Each structure stands twice: as C-alpha cells, then as structure tokens.
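Okay, structure first, notes after.
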Amino acid sequence: MKNIKTILPALICAVALLTSCKNKPTEGEILTSTNSPSAEEATYQVNKDNSSLVTWKGVMLGVKEHTGTLAFDGGTISTKAGQLTGGNLTIDLSTIATTDTNYNEKAGYGSAKLISHLLSPDFFDAAKFPTSSFVVNSVAGNTAKGTLTIRGKSNEETLNNIVITESEGTVKASGQLKFDRKKYDVKFDMPVKDMVISNDVELNIELTGKK
Numbered sequence: 701m702k703n704i705k706t707i708l709p710a711l712i713c714a715v716a717l718l719t720s721c722k723n724k725p726t727e728g729e730i731l732t733s734t735n736s737p738s739a740e741e742a743t744y745q746v747n748k749d750n751s752s753l754v755t756w757k758g759v760m761l762g763v764k765e766h767t768g769t770l771a772f773d774g775g776t777i778s779t780k781a782g783q784l785t786g787g788n789l790t791i792d793l794s795t796i797a798t799t800d801t802n803y804n805e806k807a808g809y810g811s812a813k814l815i816s817h818l819l820s821p822d823f824f825d826a827a828k829f830p831t832s833s834f835v836v837n838s839v840a841g842n843t844a845k846g847t848l849t850i851r852g853k854s855n856e857e858t859l860n861n862i863v864i865t866e867s868e869g870t871v872k873a874s875g876q877l878k879f880d881r882k883k884y885d886v887k888f889d890m891p892v893k894d895m896v897i898s899n900d901v902e903l904n905i906e907l908t909g910k911k
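So the mapping is simple: the working numbering equals the position in the sequence shown, first residue as 1, plus 700.
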C-alpha cells in the first residue's frame, strides 16, 4: 500500500510532463507561426466616377496658368504588399474641364473656348483620338516607368511620388506625371502662338478602385 501511494504521484507527474511536451511546438514550428504570410498580388478596377480624376496644369508665358480635370474611361491597377506592381489606365478626353479663373469673358476668352480649343486638332484632337492611356512597364519604390499614349503617339514617361492605400477590397492611389506636349504633337500649327505655351503639362493622378 505504501508503494502504491509513492508510485501514484510519480505517475501523475510523468503523464503531465509528457502531455506538456507533446503540445509544445518545436523550434521550427515557433518560427513558422510568428512569420506573416507573404502578401498576394491584388488587381483593382478603377472607378469611373468623381473618386478617380486626373488634375492637369498648363502654363502660358510662364505667368498665367490653366488647371482642370479629366475622368477615367476605365483601367486596372495591381498592388502587392502596399506597392504598385502594374497598371493600365485610360483617360476619356471628352471629359476635360477647367477649374481655374484665368479668363476674360468680355474679351471673348472664356473657359468654354479653351476647352473647345484643347479638344481641337491643334491640341488633343479628341474626335480622332478620344482616349489617352498610361501602361505601367516597371516599378521601383514609389516611381513607375510606363508608356503614355496621346494622339496615337507613345513615349516612356515617369510616374512619381506614388502612394498606395488599401482597405477592405478598395484601393486609393495617387502620383504625379509631367510630359512634353510636343512629343505628342499637342501644339499650334502656328509657331508664334505655340511659343507662348509651356511645353510641360503636369498631371496629378488620384484614383480609387475595387476588386
């Protein structure tokens, strides 16, 4: 009887020890459980409403500037681990609008006249080329190289200062791009008039998209 009383507590301790060892993960299992799974690439459809716009700016004589917006005709962007990995954006040129007040309506130079001129063959020739596009070719940090196409002409341009924010199946993205309009034949036929306009056009892209 004395032996049973001595052995029983020892057996209970042994069982408890074995159970504890069995449930304890190995060193390899600990390393695996503490590592976060790698982020998967996600693709979003760009919204075609006011949540996705391109803001543009052009300068005349280095003093007066005109600003406005353009809407997206569609497109996609892809991300991974909070960074841009790809994209294909299409802009609807018929949606061009102005946001500045540098006009003289009494002199016959209003915003409507500017828009009409921008849509004409002198500039974007929207009747013949209704859309423009930007296709991402490579990404390094918050900068992307891509192909910009305007009036059927394509050149490599750089999208800078890219910011990506993702939440619950939605993405917000922004970036800036500057291009030389003359590389795309966006110019007056009359050189004297064309000289008063800066060659550089600045674009600020802000868009939202959903999976």
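For every residue, glycine included, the Cβ atom is placed at its ideal position computed from N, Cα and C. Treat the numbers as computed from the prediction; the structure is a model and nothing was measured.
Between residue 844 and residue 864, the CB-CB gap reaches or exceeds 8 Å. Here residue 804 is bridged, per DSSP, to 809.
Listed in chain order, the non-local C-beta contacts of residue 874 below 8 Å within the same chain comprise 861, 862, 863, 904, 905, 906 and 907, local neighbours out to five positions each way being set aside. Around the beta-carbon of residue 739, fewer than 16 other beta-carbon atoms lie within 10 Å, marking it exposed. With a cutoff of 8 Å on beta-carbon distance, residue 758 and residue 850 are scored as not near each other.
By the 16-neighbour rule on beta-carbons within 10 angstroms, residue 871 is buried. Judged by DSSP secondary structure, residue 795 falls within the beta strand (DSSP E) whose first and last residues are 783-798. Taking residue 798 as reference, the option from 867, 827 and 753 with the minimal CA-CA separation is 753. With respect to residue 883, residue 842 sits apart: the two C-beta atoms are not nearer than 8 Å. Under the 10 Å beta carbon count, residue 805 is surrounded by fewer than 16 other beta carbons and is classified as exposed. Annotated three-state conformation of residue 816 is helix, per DSSP. A direct Cα-Cα distance of roughly 14 Å separates residue 840 from residue 778.
Rounded to whole angstroms, the gap between the alpha carbons of residue 784 and residue 808 is 45 Å. In terms of Cβ geometry, residue 824 and residue 793 form a close pair [threshold 8 Å]. Here residue 787 is near residue 776, since their CB atoms are less than 8 Å apart.
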